[in-house]
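Student:
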Amino acid sequence: MLRIFTFLLLIMLCPRAGAFCFDAAGAKYHIDPLLLKAIATGESSLRPGITSINRDKTTGRALSTDYGLMQVNSTHIPSLMAQGVIHSPQELLTRPCLNVQIGTWILAKHFQVCGISWNCLGSYNAGFRKDRHETRESYANRIYAIYRQLLQKERGVKL
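When you line the sequence shown up against mature numbering (1 follows the signal peptide of the UniProt record, and there is no 0), it's residues -19 to -1, 1 to 140, in that order.
1) Could you give the distance in angstroms between the alpha-carbon of glutamine 71 and the alpha-carbon of glutamine 133?
2) May I ask which residues mark the beginning and end of the beta strand (DSSP E) holding leucine 44?
3) When you compare only the Cα positions, how much space is there between aspartate 112 and serine 55?
4) I'd like the list of long-range same chain contacts for isoleucine 31, defined as Cβ closer than 6 Å, with 5 residues on each side in sequence excluded.
5) Which stretch, first to last residue, makes up the beta strand (DSSP E) that contains arginine 36?
6) Does the beta-carbon distance from arginine 117 to alanine 107 come in below 7 Å?
7) Specify the secondary structure class of valine 81 as computed by DSSP and reduced to three states.
8) Leaving aside the five residues before and after residue 141 along the sequence, list all residues of the same chain whose C-beta is less than 7 Å from its C-beta, in chain order.
9) Looking at the secondary structure, which residues open and close the alpha helix (DSSP H) in which residue 162 lies?
10) Residue 163 by DSSP, collapsed to three states: which one?
11) Between isoleucine 127 and glycine 7, is the Cβ-Cβ spacing less than 7 Å?
12) When you compare only the Cα positions, how much space is there between proline 77 and threonine 39?
13) Using C-beta distances below 6 Å, list every residue in its chain close to isoleucine 67, excluding the 5 sequence neighbours before and after it, in chain order.
14) Could you work out which residue in Pro14, Thr75, Phe1 is closest to leucine 131 when comparing CA atoms only?
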């Protein structure tokens, strides 16, 4: 009985997104699963229960919140709830595979808007505004560096 309780407690306290989460999302949206893992690494250090508050740089006022592995922004929550994808923002923290699916769906939508490129990948973090080009580029460079490490480590591919 104690073993079962300990096992359940570990599962509840340490939800993880296994490789299958990235594989499934990658297959569904035709995006390399290692790229998705690189994004999740860069966004949350692969910590599914993390949240981040985005603040106005001048006033410090909270603007939005990012949730989970892929740091899904709260601006998406009303639409996700209206579609029945989630019932509450908490699901973005407690269902890591769902978080990866949603983050990948958002990235795929971005690729449809601006094409498959590193700069477009940067829009996942910085949005589409013209004055955010440097932020997109910086983000893309950071994710590319993580992606290169993962390619070397997990596939033996060196770029």
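Backbone N, C-alpha and C fix where the C-beta goes; we use that ideal spot for every residue, glycine too.
Tutor: Judging by the given coordinates:
1) Their backbone Cα atoms lie some 34 Å apart in a straight line.
2) From DSSP, the beta strand (DSSP E) with leucine 44 extends over 43 to 48.
3) Rounded to whole angstroms, aspartate 112 to serine 55 spans 22 Å at the Cα level.
4) Ser25.
5) Here the beta strand (DSSP E) through arginine 36 covers 32 to 36.
6) Yes, these two residues count as a Cβ contact at 7 Å.
7) The answer is helix: DSSP assigns valine 81 an H, G or I state.
8) For the chain, the structure presents residues -19 to 140; residue 141 sits outside this window and is missing.
9) Residue 162 cannot be examined here, being either before or after the span of the chain that is shown, -19 to 140.
10) The first residue shown for the chain is -19 and the last is 140, placing residue 163 beyond what the model contains.
11) Contact flag unset, no.
12) Roughly 33 Å separates the two Cα atoms.
13) The beta carbon of isoleucine 67 is closer than 6 Å to those of Leu61 in its chain, skipping five residues each way along the sequence.
14) Cα-wise, what sits closest to leucine 131 is Pro14.
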